[in-house]
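Sequential numbering of the sequence shown, starting at -7, is according to this note's numbering.
Glycine included, every Cβ here is placed at the ideal spot set by N, Cα and C.
For reference, the structure is listed below as structure tokens.
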Amino acid sequence: MRKKRMDVPAQACARLLLLSLLCATGLCQWNKNNRCVLSRAKSCTECIRVDKDCSFCTDESFEEPRCDLRENLQRYGCGEGSIVSTRGQMQTQKNSSINTSLKRTQVSPQGMYLRLRAGEEMSFNMDVFQPLESPVDLYILMDFSYSMSDDLDNLKSMGQNLAEFLQELTSNYTIGFGKFVDKVSSPQTDMRPEKLREPWNNADSPFSFKNVIRLTSNINHFSQELRKERISGNLDAPEGGFDAILQTAVCKDKIGWRKDSTHLLVFSTESAFHYEADGTNVLAGILARNDEQCHLDSRGTYVYDTKQDYPSVPTLVRLLGQHNIIPIFAVTNHSYSYYEKLHKYFPISEIGVLQEDSSNIVELIRTAFERIRSKMDIRADFTPRAMKTEFTSMMYEKTESGSFHITRGQVGKFKMHVKALEYVGGQHVCSLPERDRQGVIQVKPTSLSDSLTVSASVVCDVCPCEQQQELNSPKCSFHGNFVCGQCICHPGWRGDTCDCSPASSPNNEACIRPGDVEPCSGRGECLCGKCQCYSEDLVQRFDGAFCEYDVLQCPRTSGFLCNDRGRCSRGACACESGWEGPGCECPTSNDTCIDSRGGICNNHGRCECGRCICDMASLYTSSTCEISYSLGFQAVCESIRDCVRCQTWGTGSLKGNCSTCHLQIQMVEELKKEEAGEYCSFQDEDDDCTYHYSLEGDPSVLPNTTVRVQKNKECPPRSFFWLIPLLIFLILLLGLLLLLCWKFCACCKACLALLPCCARGRTVGFKEDHYMLRHSLMSSDHLDTPMVRSGSLKGRDTVRWKIHNNVHKQGFASPAATNPKDLIPYGLSLRLARLFTQNLTKPDTRECEQLRKEVEENLNDVFKHIPGCHKLQQTKFRLQPNSGKRQDHTIVDTVLTAPRSAKPDIIKAVEKHVSHEAFNDLKVAPGYYTVTSDQDAQGMVEFQEAVELVDVRVPLFIREEDDDEKQLQVEAIEVPNGIAKIGRRVVNITIIKEQASSLITFLQPAYSHSRFDKLAKIPVLREIIDNGKSQVTYRTRDLTAKNGRDYLFTEGELVFQPGETRKEVQVPLLELTEIDTLLNNCQLKQFAVDLLHPKYGAKIGRYPQTTVTIADPELVDGVPSMTGLAQVPQSPKGRLSAPLNPNARALSSREISFNWFPPPGKSLGYKVKYWIQGDPESEAHLIDVKTPSAELSNLYPFCDYEMQVCAYNTLGEGAYSDIIHCRTLEEVPSEPGRLAFNVVSSTVTQLSWAEPAETNGEITAYEVSYGLVNEDNIPIGPVKKVLVEDPKKRMVLIENLRESQPYRYTVRARNGAGWGPEREATINLATQPKRPMSIPIIPDVPIVDAEGGEDYDSYLMYSTDVLRSPAGSKRPSVSDDSEHLLNGRVDFSFPGSASGSLTRTANTSYHQLSSHVHQEHRVMGSSSLTREYSTMQMGHDSRKPLGIPDTPTRLVFSALGPTSLKVSWQEPRCEKEVQGYSVQYQLLSGGEVNRITIPNPSQNSVVVEDLLPNHSYIFKVKAQSEEGWGPEREGVITIESQVDPQSPLSPVPGTPFTLSTPCAPGPLVFTALSPDSLHLSWERPREPNGPILGYRITCEMLHGGGEPRTIYVEGDNLETTLTVPHLSENVPYKFKVQANTTQGFGPEREGLITIESQNRGAFSQFGGQQYLREEVYKFPTEYTTKTSISHSSLDPHFTDGMLVTSQRVENTSSTLTQEFVSRTVMSSGTLTKQVERQFYEA
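What follows is the structure in structure tokens.
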């Protein structure tokens, strides 16, 4: 205890020290939260705008901070008349009382006026009345696409039902009708003339929206007009309903909305919706934004559908709210998930599931209206930006969407809160435009036409005293203006009276306090004879005339400076109002001295410093000088207890001897607690009665103490001792009965299970605890696991069980779902209340079909209420052995596709209906179900009476990706029905995968069959590893082709006997229906065939599934039916079909082996056709072979070839096979292109080279060697080598070379085949003209030190992605791979060629300011194929040749499916006629390049199929004229879709798909303006994630040093520019640019730049280079080419000149040309680089 007391002072000291440190760091705790003082406002207006509570003192003698709280200013001596402040204002302008007899919505008040200071909030009460019955306007807006035809028929017959429904709602109603489809443009609508007239049989022309029936009360007229309507149609699945909703809202008069009625809009559809710039679909970016205006013509037709885009969701929410329209979405289950999300955006809306034929639409509207009647939303429209509004109610509950649950027919009480914000977007509200600070707010409850108007504004007034300033006032020494009680000094003057200037002579004597030596006590600076005290952290630390006071040296209370109730001024505490004392520790009020009776200190003391000083203090006196009955009161009660008994009743221990007691006894009828405070209670031992008494006065002075005693005691009732014998008797009787029961049970064991008193109970559990299975011996994907019951078998028990997959892995319990919205198949098993028959195993029997239909209809009706659930599939029937007395009942197995998140709802629904023994009309047996997901399952089994064993059917989740040994765990969870206990709870199942005895696979991943074949035959192969029996299951499934419409579902087993290697799956194909003919161009018909459940040791091989494409009839109305599909040509009877399984592989760099399987029938031979990929088939080579294989030789190295084969017989050629692609192997590259030198100084040079003319593969590296040579070009020293591993960086910078010494440089290239020959050049830098670094160094340029050690092959610097720009170039910095031509000779040889070699000689001469001509001639054999490559580099001042097309002006993507895309563009400008287009696309991550040539110039779109979902593709489109190809337009796009988890490249059929594009800013372009500044520009992101608010730019040194800079640029422009100053020369910088949207900052775009110093003069403005290289490849036969090169230079020192090469290939046969085009601006130019590859016929 002693130690504890010693610790208390130490802890107190520590707390005081901590508090003092905290106060010291804050300097003054008092003003830490005083925004007025902290603002350090200089003027009156600035002060009153800081905070709504700030005031300004204009008293010129006031020495404290002038900007402070009003009470502080008054306390510091500022008079009331000198205080300037503003106050908010609120007044009611119009307030008419509510008349509840009127049947319309009313609000009170109707007008308010508010003026608020920044940060101030005001509120007022508002009454709203909603009548029990009000007028209703019901407008039905229906989807009229062809799929809604049955819905329209039902709606036509429901006119009378709608009328009766509306009459039940109200006697005052109107009803109207509108219809919509989609925009009448491609691809939403089939634009063929005949389809525009009648898209379907007996259908109206396509349209966007029509107002068919204006709102009317004549229900007969409504029904008659509705019966006249016909369905229409469109192509794509989403509809244009948003256009219709907007027109319905804004065309108020044409629709017929009434002023004081409830407006209901019923939106009925079964499809999704288009929305603004949805990108899915084509119109994003092409059409203008929706103008939100009415555009209905006199017939009610929307006429702006093709002129403007769809509206956005926020637009619809806003407009429907402004026009008091409540939407009701009546949608089918297929599109429910879309509209469930959509309707949550509306404050009040409802959604219901529509039957497939809309038969329940009336009931749906009824249910929705009942919900809507109980809700009300209050909107505040046109609220200024500087204000915020909110509505609350004490009467009604608020929903998540912001509406209120109300009671109609009564006046609702609400409160409106209006708050003026202080800052908006980082700006103070007073700096905003006036329109953002004030306005008229329209407050509108639902269905209210006459709104409450609130005129609100933010007070931003200027102080009146600032408008009456005294210019050049004598109070300010004529050096300033006297404004609001203070001097505002002119520039150069300061001080309270502007009498001090820097030119004034110092007068330190006046600043020295008597007795001090230093001016201002060493705590300030003497200016003009006055001390200016130092401050710390912008807070004044010292004050006084000589800075002699420290603001931290005032008295403290509880460790707080001035008790945190004042501030320290001139060494003393200046207390806040309400506080006084040296340390502000005393409150000025007497509130803390008031006693319980409202007096001061109980009239027995005085109040000092907030505490009572009592006249007579004792142990029982409280802090207010009252007698405290809680202080030792019980001890006092006990001390006088005996005296009270003795003096009052003569009882107790003092009985007969009461003389020692001196109490004043006062008898009362009843003690009232409120009078006596607390009273004493004790029990008298003499009579067991309780007595009560209380004390008055101070208990410590007993003679004066009065005791008030209650006359009547409280005595217990009479005794009940006679009950005790009776209770004992009853207990003995109960014991006897229990003993008799036990004896009876011992004699009759059968009663054990019936009587709880003696039942032994029973247990259930699994029979075994572990099973081990071998995968190769398994013949099923499930295991019947026995569960047994022991003990009494009387009664019924049900057991709930669960299975976990892959429990051998850690964390097996619940594998985290990557996305709760992912669709997965749920297996569902139920026991029906009907016996099983063999007909149910045959799918084609009538009994099976009827039961399947009954099951699916009832289950679909149950599960349709679970969001996202699809219809049931794969319904089958079976028996379940070992299932007790119901094992002859039918078990139904079916599959339900639903989101992963729907699992709890599915299980809950199944358990509920199984317990009720019915799913609607489908009767089921209780106690049995199984629900299986992708990784776990759970279910229930039943033990009927006398049943001892049942089987649990356990799914084994067999997957190809399973481990070689995996473990499952089945667990019995609980017994929901019955008395059994769980015994063996868990059974483990181990599955061991062995090495496969055989591999079974499809021949290829895709096949194409014509409908005319009537049977698709798909080969299945087995690769035998261990000969034996193998078995596999095959099954078809829908993709875009549908079972029963395009083909028949097929399922079966393929059994391979020992030695068998080939089987065939046959799928019947159905003829094309008339409807499908109409949609022939829209969708490719495909279905999939899967191989499943291999048995007897077999495994699935390379192709576990194949996709079968159904080729429809050749033409529909003259248009090819399958664009881009390699269809199987149909031949007359007797002709051969296409060879099977064509396959090709490269044997060498010039040979390909091509083989295939013979087609059915007898063939005489085969014709093989092959050509270079991209060339037209008309130029293909044809060879004839007699065997099913061919060797293609004399090919080009590393070249892509296409080939196909057909068989022929006496009737002629059969069908050709699918086109097969194959690439020849690599061959070593030729020597690199010409070496180019950019001489920086006599010891530094930049060496660059061109890519080899024949790469013969992919270049992987270059090797640069250099060393000293003598005059005879013989090496005289070590040769240094540099390895450049990035083939794109064909440049090195070599430093520290020896002056005036010749060096020999060699460069060679490497590809996958090895190193090629060297390119050599010798140069002496001293003989070359030195030029500044006008050519920017490309990224990753190695800088090599020539003075390094022997065989030095590393880099001194290898900077990543650093661009170098010459200072002052004023041009963007880019990479450059230009080259200078030198004289040289190169020899080519072709194996097997007639002449054996090709010689190419180049002669070059230079003439300043004249042309430079280069002649080249090549001769070799006769040509059958010529290829031409050309490269062009062009300066900034060059012009595109006339007749070359421009870039296509727009590239638009439209998703037609999860794997198909429509690419559209607009025709480019061109002086000559455009002849066609080229579309090239490949994966953004790399891979095969696909090309599509479009010879028809009027076709400006193409459909691309077989794309991979969730993969980004880059598309390039260019146009061609007779002058050549134009530049290309690029675009990057991704189709996002749900994919099959087991096949990530296959989308799940029927799931939604959307388009997305990258959202990073465009490439960064740098331009050096000076040695320390540059110009940065970039393009806006292609697809920003929301509206762009601006950009964030980060600049930092690449290698560290200095602080990173962050710059913010506001605005949204197509191209944004920024000038960055204060950079350093020759230092690499890293720049990052991010777009800031409403969703936050997006991804970064990075760029690196170095500004290099320049030692030479300015650069020429005319420098440029154009270089054209054409390389001709051919088979080794004769051809002739001519090349001419011209060169001109306007500035020999500072430009690189312009080089133009043209070449023509002359040949008697046709010529094929491939172009590579790149443009480079040299010197002070701009670099753009484009590579285009396309073959065309010359």
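Checklist entry - If you draw a straight line from the alpha carbon of residue 1510 to that of residue 281, how long is it in whole angstroms? => result 28 Å
Next on the checklist: What does the alpha-carbon distance come out to for the pair residue 582 and residue 64?
Outcome noted: 21 Å
Next on the checklist: Classify residue 590: buried if its beta carbon has 16 or more other beta carbons within 10 angstroms, exposed otherwise.
Outcome noted: exposed
Checklist entry - How is residue 650 classed by DSSP in three states: helix, strand or coil? => result coil
Checklist entry - Hey, out of 1127, 1164, 1224, 829, whose CA is closest to residue 1204's CA? => result 1127
Next on the checklist: Can you find the residues in the same chain that come closer than 8 Å, C-beta to C-beta, to residue 1043, ignoring five residues on each side of it along the sequence?
Outcome noted: 1025, 1026, 1027, 1028
Checklist entry - According to the neighbour-count rule (16 or more other Cβ atoms, all chains shown, within 10 Å of its Cβ), is residue 949 buried or exposed? => result buried
Checklist entry - Is DSSP giving residue 854 helix, strand or coil here? => result helix
Checklist entry - Alpha carbon to alpha carbon, what distance is there between residue 310 and residue 373? => result 9 Å
Checklist entry - In chain order, what residues of the same chain have a beta carbon less than 7 Å from the beta carbon of residue 1213, not counting five sequence neighbours either side? => result 1165, 1192, 1194
Checklist entry - Alpha carbon to alpha carbon, what distance is there between residue 102 and residue 82? => result 14 Å
Next on the checklist: Please report the distance separating the alpha-carbon of residue 1038 from that of residue 951.
Outcome noted: 30 Å
Next on the checklist: Bridge partners for residue 980 per DSSP, in chain order?
Outcome noted: 762, 961
Next on the checklist: On the criterion of 16 or more Cβ atoms from any shown chain inside 10 Å, does residue 1415 qualify as buried, or is it exposed?
Outcome noted: Confidence at residue 1415 is low in this model, with a pLDDT of 28, below 50, so the placement of that residue should be treated as unreliable; the coordinate-derived value is given next. Buried, because 16 or more other Cβ atoms sit within 10 Å of the Cβ of residue 1415.
Item to check | Cβ-Cβ distance between residue 74 and residue 50 below 8 Å | outcome: yes
Next on the checklist: Starting from residue 1475, trace the beta strand (DSSP E) in both directions and tell me its first and last residue.
Outcome noted: 1468 to 1475
Item to check | CA nearest to the CA of residue 919, picked from 877, 1488, 954, 947 | outcome: 877
Checklist entry - Do residue 479 and residue 110 have their C-beta atoms closer together than 8 Å? => result no
Next on the checklist: So for residue 1495, helix, strand or coil by DSSP?
Outcome noted: strand
Checklist entry - Of the choices 1061, 778, 936, 1239, whose alpha-carbon is the least far from that of residue 979? => result 778
Next on the checklist: Quick check: what's the CA-CA separation for residue 1465 versus residue 1625?
Outcome noted: 41 Å
Item to check | contact_flag[the region 1172 to 1192, the region 1284 to 1300] where n(CB pairs < 8 Å) is 3 or more | outcome: no
Checklist entry - Are residue 646 and residue 632 touching if we call contact CB-CB under 8 Å? => result no
Next on the checklist: For residue 1047 and residue 1081, which I take to be in contact (beta-carbon distance under 8 Å), what is that distance rounded to the nearest angstrom?
Outcome noted: Not confirmed; about 17 Å, so no contact.
Checklist entry - Cα separation between residue 241 and residue 129? => result 13 Å
Item to check | Unbroken stretches of the alpha helix (DSSP H), 4 residues or longer, contained in the region 37 to 108 | outcome: 62 to 67
Item to check | Local conformation of residue 1437 per DSSP, three classes | outcome: coil
Checklist entry - Which whole-angstrom value is the C-beta distance of residue 335 and residue 115, which I expect to be below 8 Å? => result Contact doesn't hold; Cβ gap of about 31 Å is too wide.
Checklist entry - Would a check of beta-carbon distances place residue 924 closer than 8 Å to chain D? => result Of the protein chains in this structure there is only one, and it is not chain D.
Next on the checklist: Less than 8 Å between the beta carbons of residue 1317 and residue 1247, yes or no?
Outcome noted: no
Next on the checklist: So, with DSSP's three-state summary, where would you put residue 582?
Outcome noted: coil
Next on the checklist: Cutting at 7 Å between CB atoms, please list the residues of its own chain near residue 1619, excluding the five before and the five after it.
Outcome noted: 1589, 1642
Next on the checklist: I'd like to confirm the pairing. Which residues does DSSP put opposite residue 1306 in its beta bridges?
Outcome noted: 1303
Checklist entry - Do the CB positions of residue 136 and residue 223 come within less than 8 Å of each other? => result yes
Next on the checklist: In this structure, how does DSSP classify residue 138 when only helix, strand and coil are distinguished?
Outcome noted: helix
Item to check | Inter-residue spacing [alpha-carbon to alpha-carbon] between residue 735 and residue 727 | outcome: 13 Å
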